[in-house]
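2 protein chains.
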Amino acid sequence: MEHIFDTVAIVGPGLIGGSIGLGIRRRSLAAHVVGIGRRASSLRKARQAGAADSTTTDLEAGTRSAELVVLATPVNTFGELTKRLARCMKVGALVTEVGSTKEHVVEAISRALQARNDLAFIPTHPMAGSEKRGPENATHDLFEGSRCIFTPVSGTPPGATERLKRLWEALGADVHFMTPREHDRLVARISHLPHIAASALINTIEEHEGVYAGGGLIDTTRVASGEPNLWKTICQSNPHGILEALDSFSGSLATAREFLAGGDFESLTAWLEEAKKKRDGILEMRKKPRSSLQQLEED
Amino acid sequence: MEHIFDTVAIVGPGLIGGSIGLGIRRRSLAAHVVGIGRRASSLRKARQAGAADSTTTDLEAGTRSAELVVLATPVNTFGELTKRLARCMKVGALVTEVGSTKEHVVEAISRALQARNDLAFIPTHPMAGSEKRGPENATHDLFEGSRCIFTPVSGTPPGATERLKRLWEALGADVHFMTPREHDRLVARISHLPHIAASALINTIEEHEGVYAGGGLIDTTRVASGEPNLWKTICQSNPHGILEALDSFSGSLATAREFLAGGDFESLTAWLEEAKKKRDGILEMRKKPRSSLQQLEED
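Protein sequences appear in the order of chains A and B. Add 400 to the 1-based position in the first sequence for my numbering, that's all there is to it. Add 400 to the 1-based position in the second sequence for my numbering, that's all there is to it.
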């Protein structure tokens, strides 16, 4: 395949950033991939994994000649990093980030890039990942069959968006467009809310009672074993989306409670059936190859 | 091992009943195991699985000479079945059931056995199982390393309880005692509540949004794909326990909501950390072999 970009700089070549680097290199989508990080040991792992052609701990040196800079560090670092990028990136280059929330991120990055209206900024969220972290777990096909959400900001040249879309499609993802707010509301419901619910389920029981628990409780609460500080950052960057999701969830629980308290077990069963049918439908949908998914969306 | 019982009759030799039959036969804990069911096809499967020495669709014929009758059918069938057992079981025999709720069950069975105070009745709940159902999925070691909860009723001869306890211990389970109410409150929190929460999570999203979902949502809601009619029966037999668990859960969610709405991310992180620590502790506890668990409880 012809290169889509000349030099691509990946800031934070961990699981996601490293998989982007691996995918780009395996498919020759760029002439050169630079990995940029703070720790020499992580960068060594990224090189060993094949996630980058070269690495550096110097942000300015690593991004100066890049046509595309990908931010793949925690979302709360994006503002500071972009302020520094604004001082060194070359004219007409493209900045993107792969953070898991968008409204706060778009605001922080747009503010930092105010003086550089030659730079295009395209926020994205690849909906793929793993419990595992670090470049040693990166794979070139992490995004095959996945979705990548773009939440474009006004004033972005259509050519820049089209070019980044081609890159993500070449990595195997379907690109979907929505606004930052739509994105944040969506991920609150499908990702952040389940985390809060799982933690609340665990906080409802006593530790010693766990010895009686079956696989149901263990699976339902798996995500509650995630890193609290990572989740703190996510909650900080999407409080409104999560509050809205929590309120919908509480509404759904109140419905079930009403059926139970009123002895209306027929309605409760219909409510359980609705959930089962929807979940089984979601599993079916996820099994389908990408081409059929596109078909579904076009129908 | 010497027989603990002469003839054991298992009413409903499915996954749980069949595994009890297999476990008893493998360890020679009874002289004879009779499997009793409504459908000849299921009984054939039970015989093929080795869950019974003989089978019959005739409840009276199958239980008349049994020293122990195990009810392993859905909890809402126990009342009617026990009324019939009261007319045919031999003097001094033992009735037990393995239902997943206790208060309603104990009430229904005690009422049905009122005229037969020679029969001992011991309610139990083996905390083991699987998503799979039917005798074809039964295994002789299903209860190895598990817990079996006994919720004894007043007036039961200590010798009968001791004898059934020996049977469960021979099947590999630790026997724990609690009241029917304590049991129902416990299972509401560790099993019924996670099911309601998983269904409510699914009912909070739109089906088409599921295409963006990661493994987190899928795992958190796995139990919501369970059989709605089975769950209806469970909810019908434990509404008070589930309502109490739902209210505790809502309280825990309200705590998280308050931290989020007030921007108190330090307290939110502490709350997430509490859940992670507790869940990780539960996983550790479940990994331990039975002897260390007993040790823990004795400490």
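Here a beta-carbon is modelled for each residue, glycine too, at the ideal position from N, C-alpha and C.
- What's the gap between the Cα of A/PHE577 and the Cα of A/GLY412? So the alpha carbons of these two residues sit roughly 25 Å apart.
- Message: Please classify A/GLU698 as buried or exposed, where buried requires at least 16 other C-beta atoms within 10 Å of its C-beta.
- Response: Note on A/GLU698: pLDDT 36, under 50, position unreliable in the model; the coordinate value appears next. It counts as exposed.
- Query: Cβ of A/ALA613 within 9 Å of Cβ of B/ARG686?
  - Reply: Against a cut-off of 9 Å, the Cβ pair of B/ARG686 and A/ALA613 comes out as a contact.
- Task: From the DSSP output, in three-state form, read off A/HIS389 for me.
- Result: The displayed coordinates of chain A run from 401 to 699. Any statement about residue 389 of chain A would go beyond what the structure contains.
- Message: Tell me whether the segment 557 to 572 of chain B and the segment 409 to 428 of chain B touch, counting them as touching only if at least three CB pairs, one residue from each stretch, are closer than 8 Å.
- Response: Proximity of the segment 557 to 572 of chain B to the segment 409 to 428 of chain B meets the contact definition, three or more beta-carbon pairs being nearer than 8 Å.
- Task: Flag B/ALA528 as yes if its beta-carbon sits less than 9 Å from any beta-carbon of chain A, otherwise no.
- Result: Yes, B/ALA528 lies at the interface with chain A (some Cβ there is under 9 Å from its Cβ).
- Is there at least one Cβ from chain A nearer than 9 Å to B/LEU468's Cβ? Using a CB distance cut-off of 9 Å, B/LEU468 does not count as an interface residue toward chain A.
- Query: With 16 other CB atoms within 10 Å as the buried threshold, where does A/GLN694 fall?
  - Reply: With a pLDDT of only 44 at A/GLN694, under the threshold of 50, the placement of this residue in the model should not be trusted; the figure read from the coordinates follows. Its Cβ having fewer than 16 others within 10 Å, A/GLN694 is exposed.
- Message: A/PHE659 and A/SER667 - do their beta-carbons sit closer together than 9 Å?
- Response: A contact, by the Cβ cut-off of 9 Å.
- Hey, does A/VAL505 have any beta-carbon neighbour from chain B nearer than 9 Å? No, because no Cβ of chain B sits closer than 9 Å to the Cβ of A/VAL505.
- Query: Alpha carbon to alpha carbon, what distance is there between A/ARG657 and B/LEU494?
  - Reply: The alpha-carbon atoms of B/LEU494 and A/ARG657 are separated by roughly 38 Å.
- Message: What are the residues in the segment 594 to 614 of chain B lying within 9 Å of chain A by C-beta distance?
- Response: Within the segment 594 to 614 of chain B, those residues whose Cβ lies closer than 9 Å to any Cβ of chain A are, in chain order, PRO594, HIS595, ILE596, ALA597, ALA598, SER599, ALA600, LEU601, ILE602, ASN603, THR604, ILE605, GLU606, GLU607, HIS608, GLU609, GLY610, VAL611, TYR612, ALA613, GLY614.
- Have a look at B/GLY572, B/ARG444, B/GLY479 and flag the residue whose alpha-carbon is nearest the alpha-carbon of B/GLY534. It is B/ARG444 whose Cα lies nearest to the Cα of B/GLY534.
- Query: Curious, which full-length alpha helix (DSSP H) runs of at least 4 residues does the segment 615 to 670 of chain A contain?
  - Reply: Scanning the segment 615 to 670 of chain A for uninterrupted alpha helix (DSSP H) segments of 4 residues or longer gives 615 to 620, 628 to 637, 639 to 661, listed from N- to C-terminal end.
- Using three-state DSSP, classify B/PHE478 as helix, strand or coil. In this structure, B/PHE478 counts as helix in the three-state DSSP scheme.
- Query: Does the segment 523 to 532 of chain A touch the segment 488 to 508 of chain A, meaning 3 or more C-beta pairs lie closer than 8 Å?
  - Reply: Counting Cβ pairs under 8 Å, three or more are found: they touch.
- Query: Within the 9 Å Cβ cut-off, does B/SER419 reach chain A?
  - Reply: No, its Cβ sits nowhere closer than 9 Å to a Cβ of chain A.
- So, B/THR669 versus A/ALA597, is the Cβ gap smaller than 9 Å? Going by C-beta atoms, B/THR669 is not nearer than 9 Å to A/ALA597.
- Query: Between A/ALA409 and A/VAL469, which are expected to be in contact by the criterion C-beta below 8 Å, what is the C-beta distance as a whole number of angstroms?
  - Reply: About 5 Å separates the two Cβ atoms, so the contact holds.
- Does the distance from the C-beta atom of A/ILE416 to that of A/ALA538 stay below 9 Å? Contact check for A/ILE416 against A/ALA538 passes: the beta carbons are separated by less than 9 Å.
- Query: Can you find a C-beta in chain B that's less than 9 Å from the C-beta of A/ILE410?
  - Reply: No, A/ILE410 does not count as interfacial toward chain B.
- Under the three-state reduction of DSSP, which class applies to A/ALA430: helix, strand or coil? Strand.
- Under a CB-based cut-off of 9 Å, is A/GLU674 close to chain B? True, the Cβ-Cβ gap to chain B drops below 9 Å.
- Message: Using beta carbons (cut-off 9 Å, strictly below), is A/PRO639 in contact with chain B?
- Response: Yes, A/PRO639 counts as interfacial toward chain B.
- Item | Cα-Cα separation, A/LYS632 to B/PHE665 | In this model, A/LYS632 and B/PHE665 are separated by some 7 Å (Cα to Cα).
- Secondary structure at A/GLU609, three-state DSSP: helix, strand or coil? The three-state reading of DSSP puts A/GLU609 in helix, counting H, G and I together.
- Message: In this structure, how does DSSP classify B/ARG444 when only helix, strand and coil are distinguished?
- Response: Helix, per DSSP.
- Item | Backbone CA spacing between B/THR473 and A/GLU503 [nearest angstrom] | Taken atom to atom, the span from the alpha-carbon of B/THR473 to that of A/GLU503 is near 53 Å.
- Query: What does a CB cutoff of less than 6 Å around B/GLU460 pick up in its chain, not counting 5 residues either side in sequence?
  - Reply: Shown here for B/GLU460: same chain residues with a beta carbon closer than 6 Å to its own, the five before and five after excluded, namely CYS488 in chain order.
- Item | Whole-angstrom distance between A/VAL491 and A/ALA573, CA atom to CA atom | Distance from the CA atom of A/ALA573 to the CA atom of A/VAL491, rounded to whole angstroms, is 28 Å.
- Query: Alpha carbon to alpha carbon, what distance is there between B/HIS432 and B/ARG447?
  - Reply: One alpha carbon belongs to B/ARG447, the other to B/HIS432, and they sit about 13 Å apart.
- Nearest-angstrom Cα separation, counted from B/LYS483 out to B/ILE509: So the alpha carbons of these two residues sit roughly 8 Å apart.
- Beta-carbon proximity list for B/THR655, same chain, < 8 Å, skipping 5 on both sides: Counting only Cβ-Cβ distances below 8 Å, and skipping sequence neighbours, we find TRP671.
- Message: Taking 9 Å as the threshold (beta carbon to beta carbon), is A/PHE543 in contact with chain B?
- Response: So no, A/PHE543 is outside the interface.
- Task: Output, in chain order, the set of chain B residues within a Cβ distance shorter than 9 Å of A/LYS678.
- Result: Against chain B, a Cβ distance below 9 Å from A/LYS678 picks out ILE602, ASN603, ILE605, GLU606, GLU607, GLY610, ALA624.
- Query: Residues in its own chain within less than 7 Å of B/ILE549 by CB, not counting five upstream and five downstream?
  - Reply: THR524, HIS525, MET527, HIS576, MET578, HIS583, listed in sequence order.
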